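Visitor:
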Amino acid sequence: MKAYLPPIKRGLAMIGANLANFALTLGRNKLLALAFGPAGIGWIALVNNLIETAAVVGGMGVCDAYNRELPRKRPEFSQSDIVSSGIGLFILTLLIAVPISTAIFVITVDIPSNVVMAAIAFALAATLASAWRAVGGLYLGLGLSRRMFKAIVVGGATNLALAALLLFAGVRDLMVYVWMTPALLAMAGISGAWPHICELLNWQAIKAMPARKPILTIALPIVAGLLLEPVTILLLRSETVARFGEEGVGLIQPGMLFVILAASLANAFLGMTLARWDQSDERAFSRKFIALLVIAIILPACGIAIVFLMQPLWPVLIRLFFTPAFVAGAYTVPWFIAGELLRMGGVMLNHTLLSRKLGYLTILPRMACLATVITAIHWGNIGSILAIAQAYAVSYGAYLGLSIALWLLAQFHFHRAAKA
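Letter by letter, the sequence shown follows residues 327 to 746 of the working numbering.
#1: So what's M820 in DSSP terms, helix, strand or just coil?
#2: Which residue wins for smallest C-alpha separation from K614, given the options T678, A656, L554?
#3: Taking the alpha-carbon of S410 as reference, which of P397, V388, A589, L421 has the nearest alpha-carbon?
#4: Among D499, L470, A495, which residue has its Cα nearest to the Cα of A519?
#5: With DSSP run on the structure shown, which of helix, strand or coil describes A610?
#6: Counting pairs of beta carbons, one from the region 721-728 and one from the region 695-706, are three or more of them closer than 8 Å?
#7: For I689 and P547, which I take to be in contact (beta-carbon distance under 8 Å), what is that distance rounded to the nearest angstrom?
#8: Please report the straight-line C-alpha distance between N393 and I426, rounded to a whole angstrom.
#9: At which residues does the alpha helix (DSSP H) containing D407 begin and terminate?
#10: Give the secondary structure of M535 by DSSP, where H, G and I count as helix, E and B as strand, and everything else as coil.
#11: With H, G and I counted as helix, E and B as strand and the rest as coil, what does DSSP make of N347?
#12: Please state the DSSP three-state secondary structure of I446.
#13: Based on Cα-Cα distance, which residue from A512, F584, I446 lies nearest to G462?
#14: Between the region 447-466 and the region 368-382, do at least 3 Cβ pairs fall closer than 8 Å?
#15: Please work out which residues of its chain come closer than 7 Å, Cβ to Cβ, to T566, disregarding the five sequence neighbours upstream and downstream, and give them in chain order.
#16: DSSP state of S710, grouped into three classes?
#17: My assumption, with CB atoms under 8 Å, is that L667 sits in contact with I630. Please give the rounded CB distance.
#18: Using the three-state DSSP reduction, which class does T649 fall into: helix, strand or coil?
#19: Would a C-beta distance cut-off of 8 Å place V373 and V504 closer than the cut-off?
#20: Apply the 10 Å Cβ neighbour rule to G581 and answer buried if 16 or more other Cβ atoms are within range, or exposed otherwise.
#21: If we ignore side chains and look at the alpha-carbon of each, how far apart do L732 and G706 end up?
#22: Who are the Cβ neighbours of A490 in its own chain at under 7 Å, not counting the five residues just before and after it?
#23: Residues in its own chain within less than 7 Å of L493 by CB, not counting five upstream and five downstream?
#24: If I follow the unbroken alpha helix (DSSP H) through P521, where does it start and stop?
#25: Are the CB atoms of A717 and L464 nearer to each other than 8 Å?
#26: I'd like to know whether the C-beta atoms of L415 and A545 end up nearer to each other than 8 Å.
#27: Relative to the C-alpha of F648, which candidate in P691, A346, G363, R459 has its C-alpha closest?
#28: I need the DSSP call for L732, collapsed to helix, strand or coil.
#29: Exposed or buried, what is W640 when buried is set at 16 or more other beta-carbons lying within 10 Å of its beta-carbon?
#30: Could you give the distance in angstroms between the alpha-carbon of S612 and the alpha-carbon of F738?
#31: Quick test of your reading: A359 and I367, contact by CB under 8 Å. State the CB separation rounded to the nearest angstrom.
#32: Give the C-beta separation of V432 and V424 to the nearest angstrom, bearing in mind that I take them to be a contact with Cβ-Cβ under 8 Å.
#33: Specify, as a first and last residue, the run of the alpha helix (DSSP H) that S471 falls within.
#34: Pull up the CB-CB distance for L486 and L684, whole angstroms please, since I reckon it's below 8 Å.
#35: Where do the N-terminal and C-terminal ends of the alpha helix (DSSP H) with R682 fall, by residue?
#36: Going by C-alpha to C-alpha distance, which of L542, P540, G481, V502 sits closest to S517?
In structure tokens form, the structure reads like this:
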């Protein structure tokens with residue numbers, strides 16, 4: 327039991343950091359909601375979605391590779407080799423992700439300010455958001471949960487204070503508020519990890535990438551799979567804009583914000599616990615594996631029941647954290663959270679596939695999720711924002727269902743391999 331305490335403590339510390347940051351985000355969101363209303367919040371959410379998509383490609387693969395490889399301390403690769411190789415991969419992916427995402431932003435988004443300046447701000451925001459994710463993996467891999475806690479809180483507090491000052495000064499350019507969040511988090515994160523970065527950085531290793539094989543083994547399926555998630559949400563938001571305008575995107579934003587809270591808490595805890603569990607030698611259908619399967623099913627089921635029982639509270643919370651203008655979207659909140667809970671169950675099971683070097687299989691549930699959303703958009707009856715939220719929940723139901731099927735097939739494969 328003592329062996330589990332350090333990762334559990336680190337996981338709880340990360341949950342505390344994310345709760346603190348979420349509280350600060352709610353304060354900032356309240357100010358922006360009062361200033362810009364549902365349409366402004368919807369525009370910011372749409373652009374943030376594009377930034378998130380670029381950041382997944384640019385930094386999320388490196389983040390997961392650091393989190394898994396640094397604690398293992400492989401004899402053939404030093405921590406400097408792993409960190410430097412990760413930075414080399416980060417630079418390469420960034421050169422692809424940022425120009426493409428910036429072009430999509432300019433082509434698809436109605437930009438109310440100077441297009442050139444907005445494009446530059448977007449590219450910088452995408453770069454910094456990617457950097458924050460890569461640095462986050464460094465914190466997790468080196469076990470620096472307390473430092474990451476401080477970086478998240480400092481970045482969030484500065485974000486809230488600066489937003490208040492700019493709104494008071496009369497700044498109404500929405501792109502300024504989009505750019506601030508990744509910029510401040512990245513600056514706080516990099517400054518907190520800077521001594522470790524300097525210690526582990528090797529310029530020759532960045533070029534040669536000696537640890538590229540283990541990093542790419544983790545990073546490529548992670549990026550390919552995770553990229554489908556923001557794309558799925560982007561499709562739903564784009565459909566919402568097409569049918570209900572930017573105000574419609576603003577009305578579903580409270581639900582998406584609670585999804586972000588649930589996702590950040592789950593990812594923080596799982597990143598410090600389950601992601602570090604080396605399952606490569608675990609016996610098929612062992613007690614630990616059975617417990618994992620049971621938790622992955624029961625946790626979403628209980629959580630979904632609770633969020634729907636809380637239905638009378640969502641209008642109250644939206645009035646508190648947004649404005650009365652957003653209450654019309656209150657009935658979508660439990661559906662969005664239900665989708666996130668189903669996603670969590672699938673993610674827990676997919677850690678087994680990643681640990682057994684079967685990460686490419688984790689792409690399939692995300693493809694099923696995306697296919698479900700596309701089917702709902704083109705052949706479903708999307709007549710309200712409630713249907714958008716329901717499509718989100720159903721898509722992650724498909725995600726969890728296929729994740730369970732793949733996990734069971736993998737267990738049978740492990741069992742046969744052990745007998746052979």
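Backbone N, C-alpha and C fix where the C-beta goes; we use that ideal spot for every residue, glycine too. Every value quoted in this text rests on a predicted model; they were computed, and no experiment measured them.
Guide: On the basis of the supplied data:
#1: Nothing about residue 820 can be reported from this structure: the residues present for the chain run from 327 to 746 only.
#2: T678
#3: V388
#4: L470
#5: coil
#6: yes
#7: 6 Å
#8: 27 Å
#9: 405-434
#10: coil
#11: helix
#12: helix
#13: A512
#14: yes
#15: G574, V575, I578, I711, I714
#16: coil
#17: 6 Å
#18: coil
#19: yes
#20: buried
#21: 27 Å
#22: L357
#23: L357, A361
#24: 500-526
#25: no
#26: yes
#27: G363
#28: helix
#29: buried
#30: 12 Å
#31: 6 Å
#32: Not really, about 13 Å apart at Cβ, beyond 8 Å.
#33: 471-494
#34: That belief does not hold up - the Cβ atoms of L486 and L684 are roughly 42 Å apart, past 8 Å.
#35: Premise fails: R682 is in no alpha helix (DSSP H) and is neither H nor E.
#36: G481
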